[in-house]
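Undergrad: The sequence shown begins at 2 in the working numbering and counts up by one. I have a structure here, written as structure tokens, and I will follow up with some questions on it.
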Amino acid sequence: MTWTRVLTVFALAFSLLAPACDDGTQIGGELVLVQKDKRDLKVLSVRPDTGPLVGGTLFVMTGEGFESGMSVAFGKTTATQLYVGGDELAAMLTPPGEAPGAVDIVVTRPSDGQSATVLAGYTYLPPPNDLLVTEVIPSYGPVSGGNVVTIAGQGFAEGATVWFGDEQATNVRLLGAEALTVTVPAGASPISVAVRVELPTGAQHTLQQAYAYQPDGPAAKLKVTSVIPGQGPLAGGNLVAIEGNGFVDGATVTIGGKAAGDVRVLGLTAITCIAPEGDAAALVEVRVTTPPEEGSVTPAVAWLDDAYRYLPEDPNVLAVLSTIPAQGALRGSTLVAVRGAGFEDGAKVYFGGALATEVTVLGPNALTAVTPAATVAGPVDVRVENLGADGQPGDAATLTDGFTYLPGDPELLLLRAIPNLGPANGDNVVALEGAGFRAGAKVYFDGAPATEVTVLGPTAITCKAPANAVPGLVPVRVELPPLAGEVTGAATTLENAYTYQPGSVSTTELSVLGVIPGEGSLAGGNFVAIRGTGFITGAKAYFGGVLATQTTVLGPDALTCMVPGGTVEGDVTVRVENPAVGSTPGASASLEAGYTYHADSAGLLVLRTIPGSGPVQGGNVVAIEGTGFRVGAKVWFGGAQATEVQVLGPTALTAVAPQVGAAGMVAVRVELPALEGQVTGDAATLDNGYNFTLGGVAGTFSAASRLPTAGDVAGGTLVLITGTGFDPALVGP
Numbered sequence: 002m003t004w005t006r007v008l009t010v011f012a013l014a015f016s017l018l019a020p021a022c023d024d025g026t027q028i029g030g031e032l033v034l035v036q037k038d039k040r041d042l043k044v045l046s047v048r049p050d051t052g053p054l055v056g057g058t059l060f061v062m063t064g065e066g067f068e069s070g071m072s073v074a075f076g077k078t079t080a081t082q083l084y085v086g087g088d089e090l091a092a093m094l095t096p097p098g099e100a101p102g103a104v105d106i107v108v109t110r111p112s113d114g115q116s117a118t119v120l121a122g123y124t125y126l127p128p129p130n131d132l133l134v135t136e137v138i139p140s141y142g143p144v145s146g147g148n149v150v151t152i153a154g155q156g157f158a159e160g161a162t163v164w165f166g167d168e169q170a171t172n173v174r175l176l177g178a179e180a181l182t183v184t185v186p187a188g189a190s191p192i193s194v195a196v197r198v199e200l201p202t203g204a205q206h207t208l209q210q211a212y213a214y215q216p217d218g219p220a221a222k223l224k225v226t227s228v229i230p231g232q233g234p235l236a237g238g239n240l241v242a243i244e245g246n247g248f249v250d251g252a253t254v255t256i257g258g259k260a261a262g263d264v265r266v267l268g269l270t271a272i273t274c275i276a277p278e279g280d281a282a283a284l285v286e287v288r289v290t291t292p293p294e295e296g297s298v299t300p301a302v303a304w305l306d307d308a309y310r311y312l313p314e315d316p317n318v319l320a321v322l323s324t325i326p327a328q329g330a331l332r333g334s335t336l337v338a339v340r341g342a343g344f345e346d347g348a349k350v351y352f353g354g355a356l357a358t359e360v361t362v363l364g365p366n367a368l369t370a371v372t373p374a375a376t377v378a379g380p381v382d383v384r385v386e387n388l389g390a391d392g393q394p395g396d397a398a399t400l401t402d403g404f405t406y407l408p409g410d411p412e413l414l415l416l417r418a419i420p421n422l423g424p425a426n427g428d429n430v431v432a433l434e435g436a437g438f439r440a441g442a443k444v445y446f447d448g449a450p451a452t453e454v455t456v457l458g459p460t461a462i463t464c465k466a467p468a469n470a471v472p473g474l475v476p477v478r479v480e481l482p483p484l485a486g487e488v489t490g491a492a493t494t495l496e497n498a499y500t501y502q503p504g505s506v507s508t509t510e511l512s513v514l515g516v517i518p519g520e521g522s523l524a525g526g527n528f529v530a531i532r533g534t535g536f537i538t539g540a541k542a543y544f545g546g547v548l549a550t551q552t553t554v555l556g557p558d559a560l561t562c563m564v565p566g567g568t569v570e571g572d573v574t575v576r577v578e579n580p581a582v583g584s585t586p587g588a589s590a591s592l593e594a595g596y597t598y599h600a601d602s603a604g605l606l607v608l609r610t611i612p613g614s615g616p617v618q619g620g621n622v623v624a625i626e627g628t629g630f631r632v633g634a635k636v637w638f639g640g641a642q643a644t645e646v647q648v649l650g651p652t653a654l655t656a657v658a659p660q661v662g663a664a665g666m667v668a669v670r671v672e673l674p675a676l677e678g679q680v681t682g683d684a685a686t687l688d689n690g691y692n693f694t695l696g697g698v699a700g701t702f703s704a705a706s707r708l709p710t711a712g713d714v715a716g717g718t719l720v721l722i723t724g725t726g727f728d729p730a731l732v733g734p
């Protein structure tokens, strides 16, 4: 329905539902007509307060003393199609503005010349850039080029040319004003480049760091290595990151056999998704499926058993969720923090059946303990037992393989290299993860010594890879200096740990491309994934200059972390810093306005639904206004769950109303996924928030609400009616 038609409905509503009367009789249900004297001219509210420079926006104004024939000026220009209802409500279309910016609204009454002004009451917005590049899908590909990508944006037209860095793409195919496809040109090296679209008119727009060239080589074998975080609420809806290899665009994820939502491939080694609802509190499998390769009809599948734990809904139920650190020396004496739920004073902790000492219960969700000694290296279960009545054992909960005993103090271990491939000419930064590293360590790639070796701590080393004349997989070896009494130090080798790529190319530059999700509470504590290039083990992330915690590098393309608390709501810069390598300072990259903090004071609220009613058979889209919404929210109408929930931001979401069995008013409830440390997420309810009606399907004529519900006894009050099935030719009886 156009705005002109909406105004027609306003006018018809005025003529049909607000007739002149000479008494105070109730008319039209609750539409009560009240005799009023003429009042001074006032403007009490305007909506909306912004709009396009071209005008034509439906504008509603409330106040006192309005009368037929009055004029409303926006700056120097008078509004058109003005309808006045009584002395309290007026509707109109905004006139075109002279220039972007705020203008005064001046209302003038013809009977006595009285006027009222709303200073800077309306802001004309600048016209949008007709040409805009917003996204490249997928945002990565081989340095040799030749792959097809889709470019999204607006204002695209025939004759467009596309550039990846300084190289022109080929086979440009226009899909419409908002999308086109191209064949990616070869890149000079595995780095991130800008993507630029140019039109024959001379217009152009560039999206910086929009596409990441990755080293060529054989297709990586699909595998799933870890899931972060490893647990979440039974209701699902929380963000999960999956670490592995061989991930490609079009991958799907199942958790416990159910499809995950909002799957995003951040690169070959990382995926994020929204966990589905679980069937029961238990450990479940996580499975990734990628589309068939060219020439094949069989998709690739990889999974990790017992990779994700659904938590019980009751926060008082005893549960053991994680240990920090999750590994320690065989001799014991490691101070460990245990996170979970339902811990009580006097609880006992067991590591592989051996009783821990110095147990301190910090609260129902955390305790600390000192590990006992073990006789055999490897993973053990961690069990917490609460005290029972009369000295008997109480409830118990176990985290399977919750702690790993390392041989020795500990023995040297090499787990992986990040990145695990690089150019044949070497000189690129590589990080090694493991255990038992110490100062003086040396690193060898297929027997050739690495340079600028820096030991970051017992679990991480950075170095620069040496050159290698023969492309392919090579072992990586770490050697420690001898301790007192030793002739040679400890050494360990990880076979097939690193792949040399053919050619002589430069290293991948550090870049920060995006944060998922890109917003959250000022309180922090929420889990996010950062997408980019060039990440290495030991990288740190900062939000507005504040260090994030629990940072895990999933690979060169992605890392996860826990957002720190903010100080002021609004956009902040997200910065990632790689560790130093030898005497070379660590690289740093930033994304301006990469993350948005929202005020905690708003909290989770459900304010209203638009429209506020709909048919019992459901299927209609409903917008919900409120505060505190975030990705993963679920919506319930009464006891029925809505579908296709789309969170548009912290103050708005849309959902498809469910089918219900009976007409009537129901509560609307929004439930959020749990944050770190929560077992269940926040929830808010709007009582009588939505009215299910009989019939009322598309095309059925029905009225749902009216505003205002009272007017002058002389008539002339404008009444706004919402409902379904309105027609421009609507007339009264």
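Backbone N, C-alpha and C define an ideal beta-carbon position, used for all residues, glycine too.
#1: Apply the 10 Å Cβ neighbour rule to G279 and answer buried if 16 or more other Cβ atoms are within range, or exposed otherwise.
#2: Can you tell me the Cα-Cα spacing of L94 and G627, whole angstroms?
#3: Taking L422 as the reference, which of V266, L45 and K465 has the closest Cα?
#4: If you draw a straight line from the alpha carbon of A461 to that of A658, how long is it in whole angstroms?
#5: What whole-angstrom Cβ distance do G238 and K635 have, given they're in contact under 8 angstroms?
#6: List the residues that DSSP assigns as beta-bridge partners of K465.
#7: First and last residue of the beta strand (DSSP E) that includes E520?
#8: Using CA coordinates, which residue listed in R384, S334 and A303 is at the minimum distance from G343?
#9: What's the C-alpha gap between A161 and V149?
#10: Ignoring anything shorter than 3 residues, give me the beta strand (DSSP E) runs that lie fully in the stretch 575-656, in order along the chain.
#11: Could you say which of P101, Y351 and L560 lies nearest to I229 if we only look at CA atoms?
#12: Give me, in chain order, the residues of the same chain whose beta-carbon lies closer than 7 angstroms to that of P234; leave out the 5 immediate sequence neighbours on both sides.
#13: Cutting at 6 angstroms between CB atoms, please list the residues of its own chain near T124, excluding the five before and the five after it.
#14: May I have the straight-line CA-CA distance separating A390 from V669, to the nearest angstrom?
#15: Out of P420, G76 and Q328, which has the shortest C-alpha to C-alpha gap to Y406?
#16: What does the Cβ neighbour count give for M666, buried or exposed, with the cut at 16 atoms within 10 Å?
#17: Who are the near neighbours of V646 in its chain, counting only those whose CB is closer than 7 angstroms to its CB and skipping five residues on each side?
#18: Looking at I138: is its Cβ nearer than 7 angstroms to the Cβ of L181?
#19: Measure the C-alpha to C-alpha separation of G490 and R576 and round it to an integer number of angstroms.
#20: Relative to the alpha-carbon of E345, which residue among R310, G333, E386 and L331 has its alpha-carbon at the smallest distance?
#21: From A283, I325, D315 and E295, pick the residue whose C-alpha is nearest to that of D306; which is it?
#22: Give every residue of the same chain whose Cβ lies closer than 8 angstroms to the Cβ of S46, excluding the five residues on either side of it in the sequence, and list them in chain order.
#23: Using a Cβ-Cβ cutoff of less than 8 angstroms, which residues in the same chain neighbour V362 once the five nearest sequence positions on both sides are dropped?
#24: So, are the CB atoms of A370 and V360 less than 7 angstroms apart?
#25: Could you tell me which residues DSSP puts in a beta bridge with T686?
#26: With DSSP as the reference, identify every bridge partner of K224, one or two as the case may be.
#27: For chain B, is any of its Cβ atoms less than 7 angstroms away from the one on D688?
#28: For L175 versus E159, is the C-beta distance shorter than 7 angstroms?
#29: Could you tell me the alpha carbon to alpha carbon distance between G620 and Q660, rounded to whole angstroms?
#30: Give every residue of the same chain whose Cβ lies closer than 8 angstroms to the Cβ of P96, excluding the five residues on either side of it in the sequence, and list them in chain order.
#31: For A390, which three-state DSSP category applies?
#32: For N692, write down the residues that DSSP places opposite it in a beta bridge.
#33: May I have the straight-line CA-CA distance separating G441 from P482, to the nearest angstrom?
#34: If you draw a straight line from the alpha carbon of D396 to that of G539, how long is it in whole angstroms?
TA: On the basis of the data shown:
#1: By the neighbour-count definition (other C-beta atoms within 10 Å, threshold 16), G279 is a buried residue.
#2: Linking L94 to G627 through their CA atoms gives a straight-line distance of about 27 angstroms.
#3: Answer by Cα proximity: K465.
#4: Rounded to the nearest angstrom, the two C-alpha atoms are 51 angstroms apart.
#5: About 6 angstroms separates the beta carbons of G238 and K635, which is inside the 8 angstroms limit, making them a contact pair.
#6: Beta-bridge pairing links K465 to V430 and T452.
#7: Segment E520 to S522, the beta strand (DSSP E) holding E520.
#8: If you compare the alpha carbons of R384, S334 and A303 with that of G343, the shortest gap goes to R384.
#9: Distance between the alpha carbons of A161 and V149 is about 16 angstroms.
#10: Fully enclosed beta strand (DSSP E) runs of 3 or longer: 589-599, 606-611, 614-616, 622-628, 635-638 and 644-650.
#11: Ranked by Cα distance from I229, the first of P101, Y351 and L560 is L560.
#12: The beta carbon of P234 sits closer than 7 angstroms to those of L312, P674, A675, V680, T681 and G682, all from its chain and outside the five residues before and after it, given in chain order.
#13: In its chain, beyond the 5 residues on either side, T51 and A103 have a beta carbon closer than 6 angstroms to the beta carbon of T124.
#14: For A390 and V669, the distance between alpha carbons rounds to 43 angstroms.
#15: With distances taken between Cα atoms, Y406 lies closest to Q328.
#16: Residue burial annotation: M666 is exposed, with fewer than 16 other C-beta atoms found within 10 angstroms of its C-beta.
#17: Cβ neighbours of V646 within its own chain (closer than 7 angstroms, five residues either side excluded): A634, K635, V636, L654 and A656.
#18: L181 sits away from I138, with the two beta carbons spaced by 7 angstroms or more.
#19: Distance between the alpha carbons of G490 and R576: 38 angstroms.
#20: The shortest Cα separation from E345 among R310, G333, E386 and L331 belongs to E386.
#21: Nearest neighbour of D306 by Cα position, chosen from A283, I325, D315 and E295, turns out to be A283.
#22: Around S46: M62, T63 and G64.
#23: Answer for V362: F344, E345, D346, G347, A348 and L368, listed in chain order.
#24: Closer than 7 angstroms, so yes.
#25: Under the DSSP definition of a beta bridge, T686 partners with R670.
#26: In the DSSP output, where bridge partners are listed per residue, K224 has N246.
#27: Considering every chain present, this structure includes no chain B. It has just one protein chain.
#28: At a Cβ-Cβ threshold of 7 angstroms, L175 and E159 count as neighbours.
#29: In a straight line, the C-alpha of G620 is about 7 angstroms away from that of Q660.
#30: The residues are G56, F75, T78, T79, A80 and T81.
#31: Helix at A390.
#32: According to DSSP, which records beta bridges pairwise, N692 is partnered with S614 and M666.
#33: Cα atoms of G441 and P482: separation of roughly 6 angstroms, rounded to the nearest angstrom.
#34: If you take the alpha carbons of D396 and G539, they lie about 39 angstroms apart.
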